[in-house]
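As structure tokens, the structure follows; a few thoughts come after it.
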Amino acid sequence: MKTNDAYRGLGWAHGALTVQRLGAMLAPVTFVLDNGRQVSPMHIAPWSNEPEVEALRGILRKLRGEWPCVPFGYSVSADGWPEDWAGVMGPPERDEEVHGHSSNNDWAWRDSDGGSLSLGLAYPERSPVERVERTITPDPSAPAIDIEFKVVVRRACRLPIGLHPVFRLPFETGAATLELGGFDEGRTYPHDVEPGAALFARNRSFTELASVPTRAGGTADASRVPLAADTEELLQIEGLNGTVALANHEDGYRVKLSWQKEHFPSLLLWYSNRGRKAAPWNGRHVAIGIEPICSPFGLGPATALADNPIAQSGIATALEFSPEKPFMTRYRIEASAL
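Here the sequence shown is numbered in the numbering used here, starting from -4 and rising by one per residue.
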């Protein structure tokens, strides 16, 4: 293979996968289930092959599947936010990139054996991060993929980080179910993710995903997706055991994500449900992000490092990194028949 090729793929007895250099994003993925059926659980944005795509900023250009974010999130204006949030929301950092340098740039292929794909990305010299690396390895005995992610820093620092798996949803409303198990607390977004596309009440807590407070009063079942409403929403979940599944009833499979909860104490659920009407979204984007994070709603480094309301509750919103000890985390995506 050439060293500058944009995509590489792997096949194994239980499936096939593709990784792209942009963002080191993983998709498409096809799993062959034990019953012989083939399923493709990872999402690919509908504009990925449209001619206008090259004008888009990095992360949007070929948005798909799963990738790591260092630092996770992006800064937003504090206008209209509750006082306890507005007071800790700083301005964007110089040259801030949405979900970090790792999400918006072409990684380089690294040498790896024939059973895995490995990539690395050097960060700008001004960044405390020196480089990131990731290795994607299909499980030779199962319809599953194991991923290792490494962060090497130049100097001691605290950063919000996250993993960004985005899963494909069936066409029919409510034809898939999020299976979270028990958790300590869920939080609704304290403002609007997308103006005019809100569903959930601002800055509220809940203990059941099937009963999330709404703007209109009452509750909504956020465990059944896609949602009926045209909306763009975020929910942050605390106290999970490091495993979540999405059961796609229409296509007859379950995809499970497991991660190291000591690295990612929260889970961010991104409901992208036709809520964004501007290009390239054009009211047609339907997917669910199931994102292990150490971050406050992805509100950017300044808010993550501050004494924000989530940090005040005892949940870490940034991780400590040391140049003496590179950070390594492992996680897994696997599929099975319903």
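Where a beta carbon is used, it is the ideal one built from N, C-alpha and C, also for glycine.
Problem - the stretch 325 to 333 / the stretch 21 to 33 touching (three or more Cβ pairs under 8 Å) - result: Yes, since at least three Cβ pairs between the stretch 325 to 333 and the stretch 21 to 33 fall closer than 8 Å, the two stretches touch.
Practice task
Measure the C-alpha to C-alpha separation of T209 and P23 and round it to an integer number of angstroms.
Solution key: 34 Å
Problem - Own chain residues within Cβ distance below 6 Å of I232, not counting five before or after - result: Around I232, the same chain offers F178, G181 and L262 as residues with beta carbons nearer than 6 Å, after the five sequence neighbours per side are excluded.
Handout entry: Inter-stretch contact at 8 Å, needing at least 3 Cβ pairs: the stretch 151 to 163 / the stretch 221 to 240
Key = no
Handout entry: G169 vs R219 beta-carbon contact at 7 Å
Key = Yes, Cβ-Cβ distance for G169 and R219 is below 7 Å.
Exercise for the section: Run the CB neighbour count on E47, radius 10 Å, all protein chains shown included, and call it buried at 16 or more, exposed below. Expected result: Exposed, because fewer than 16 other Cβ atoms sit within 10 Å of the Cβ of E47.
Handout entry: Span separating the alpha-carbon of R149 from that of S317
Key = 8 Å
Handout entry: Residues that P208 bridges to, as DSSP identifies them
Key = T214
Handout entry: Three-state secondary structure assigned by DSSP to I310
Key = coil
Practice task
Identify, in the order they occur along the chain, each residue of the same chain with its Cβ nearer than 7 Å to the Cβ of A81, setting aside the five sequence neighbours on each side.
Solution key: A73
Problem - Span of the alpha helix (DSSP H), counted from its first residue to its last, around G358 - result: Only positions -4 to 333 of the chain appear in this structure, which leaves residue 358 out of reach.
Practice task
Measure the C-alpha to C-alpha separation of A273 and I283 and round it to an integer number of angstroms.
Solution key: 19 Å
Handout entry: Assigned exposure category for N(-1) - 16 Cβ within 10 Å defines buried
Key = Note that N(-1) has pLDDT 49, beneath the 50 cutoff, so the model's placement of it is unreliable and the number below is only indicative. Exposed, by the Cβ-count rule.
Practice task
Answer yes if the stretch 197 to 208 comes into contact with the stretch 242 to 258, meaning at least three C-beta pairs across the two stretches below 8 Å, and no otherwise.
Solution key: Contact check between the stretch 242 to 258 and the stretch 197 to 208: fewer than three CB pairs, one atom from each, fall below 8 Å, which does not count as touching.
Practice task
Mind reading off the beta-carbon distance from R271 to E189? Whole number of angstroms is fine, and I expect it under 8 Å.
Solution key: 5 Å
Problem - Residue closest to I140, alpha-carbon to alpha-carbon, out of F292, G4 and N44 - result: Comparing alpha-carbon positions, the option among F292, G4 and N44 lying closest to I140 turns out to be G4.
Practice task
Taking only the alpha-carbon atoms, compute the straight-line gap between L116 and W102 and give it to the nearest angstrom.
Solution key: 5 Å
Exercise for the section: Identify, in the order they occur along the chain, each residue of the same chain with its Cβ nearer than 8 Å to the Cβ of L314, setting aside the five sequence neighbours on each side. Expected result: These residues qualify, in order along the chain: R153, L154, P155, I156, H258, C289 and F322.
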